[in-house]
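Worksheet for the structure shown next.
Residue numbers (this note's numbering): 9 to 158.
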């Protein structure tokens with residue numbers, strides 16, 4: 009039995025990866041946007057049985073003014089959500105493209121959809137980029153997320 013590049017990438021993804029950077033550039037290569045700040049934190053995990061989970065945040069989000077998060081004011085909840093991203097579901101691999109089949113997500117519009125990411129893997133570094141430009145900050149951008157295995 010031969011092992012395909014798809015199988016190799018799928019196997020290499022399994023485990024936990026820590027976010028190093030998340031940047032998006034305008035299509036002309038300018039207008040840098042760092043959606044979760046200049047030192048975001050996050051973890052993406054891929055399991056051997058074909059599931060993934062990604063959670064990312066801006067670590068500089070202000071704390072709630074109350075101890076019960078269900079009683080936090082709407083503006084504080086909105087600010088917390090605006091600096092946070094999370095989704096999970098099954099994943100598949102086709103060549104160098106990883107498809108995240110979203111079952112749960114902070115972003116309601118992503119649920120039951122697929123997030124496609126082109127993957128580049130080099131030793132302990134994983135770079136994920138959407139396969140097409142995405143709208144962020146009011147304009148189309150090319151995003152790059154760099155993950156590190158620890």
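Cβ coordinates follow ideal geometry from the N, Cα and C atoms, glycine included.
C-alpha distance - residue i paired with residue j, whole-angstrom precision
| i | j | result |
| --- | --- | --- |
| residue 133 | residue 82 | 38 Å |
| residue 39 | residue 145 | 10 Å |
| residue 111 | residue 102 | 20 Å |
| residue 87 | residue 12 | 44 Å |
| residue 106 | residue 140 | 13 Å |
| residue 128 | residue 147 | 25 Å |
| residue 155 | residue 104 | 16 Å |
| residue 59 | residue 109 | 9 Å |
Range covered by the beta strand (DSSP E) that runs through residue i
| i | result |
| --- | --- |
| residue 32 | 23-34 |
| residue 71 | That residue, residue 71, is in no beta strand (DSSP E); it is neither H nor E in DSSP. |
Beta-carbon spacing of residue i, residue j below 7 Å
| i | j | result |
| --- | --- | --- |
| residue 65 | residue 34 | no |
| residue 153 | residue 30 | yes |
| residue 32 | residue 151 | yes |
Those residues which DSSP pairs with residue i across a bridge
| i | result |
| --- | --- |
| residue 150 | 33 |
| residue 123 | 108 |
| residue 50 | 64 |
Cβ shell of residue i (< 7 Å), same chain only, five flanking positions each side left out
| i | result |
| --- | --- |
| residue 158 | 26 |
| residue 14 | 101, 102, 103 |
Limits of the unbroken alpha helix (DSSP H) element including residue i
| i | result |
| --- | --- |
| residue 85 | 82-90 |
Cβ shell of residue i (< 8 Å), same chain only, five flanking positions each side left out
| i | result |
| --- | --- |
| residue 55 | 22 |
Cβ neighbours of residue i in the same chain (closer than 6 Å, five flanking residues each side left out)
| i | result |
| --- | --- |
| residue 70 | none |
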